[in-house]
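*Asks:* Right, I'll just put the structure down here and ask away after.
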Amino acid sequence: MYVCPECAHEWPQSGEVNEDEKIIKDSNGNVLTDGDTITVIKDLKVKGSSLVVKVGTKVKNIRLVDGDHDIDCKIDGIGAMKLKSEFVKKV
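Note that our numbering numbers the sequence shown so that position 18 is 71, with each residue one more than the last.
Encoded structure:
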């Protein structure tokens with residue numbers, strides 16, 4: 054085991070632990086990856102506009118990013134948006 058001299062945190066020497074990689078899951082618990090196709094499961098109001106992303110809207114070729122809104126995508130008729138993974142499901 055490796056031990057941090059400052060905080061006494063311990064981790065295995067094998068180095069297989071990768072804490073930097075965050076796993077993002079959809080509303081059903083499926084793991085999302087870059088390039089996936091998703092479907093919106095709830096009407097989402099677009100902030101600063103009167104537009105609404107309707108239930109069942111398919112979004113192709115998503116990109117995962119860090120932050121509160123962890124999906125970066127382009128929706129036809131609306132444009133570039135960021136979505137939360139809890140409001141989508143993988144197709």
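Beta carbons are placed, not taken as given, at the ideal position from N, Cα and C, and that holds for glycine.
So what does DSSP say about Glu139, is it helix, strand or coil?
*Replies:* If DSSP states are grouped into helix, strand and coil, Glu139 belongs with the helices.
*Asks:* Quick check: what's the CA-CA separation for Arg116 versus Met54?
*Replies:* Approximately 36 angstroms, taken between the alpha carbons.
*Asks:* If you run the structure through DSSP and keep just helix, strand and coil, what is Ala133?
*Replies:* Note: Ala133 maps to strand in three-state DSSP.
*Asks:* Check whether the Cβ atoms of Val99 and Thr110 lie closer than 7 angstroms to each other.
*Replies:* No; because the gap between Cβ atoms is not below 7 angstroms, this pair is not in contact.
*Asks:* Are three or more beta carbon pairs between the stretch 57-64 and the stretch 117-134 nearer than 8 angstroms?
*Replies:* Taking 8 angstroms as the limit for Cβ pairs, the verdict is that the stretch 117-134 does not touch the stretch 57-64.
*Asks:* Return yes when the Cβ of Asp123 is within less than 7 angstroms of the Cβ of Ser138, no when it is not.
*Replies:* A contact, by the Cβ cut-off of 7 angstroms.
*Asks:* Name the one or two DSSP bridge partners that Leu97 has.
*Replies:* In DSSP, Leu97 forms a bridge with Val106.
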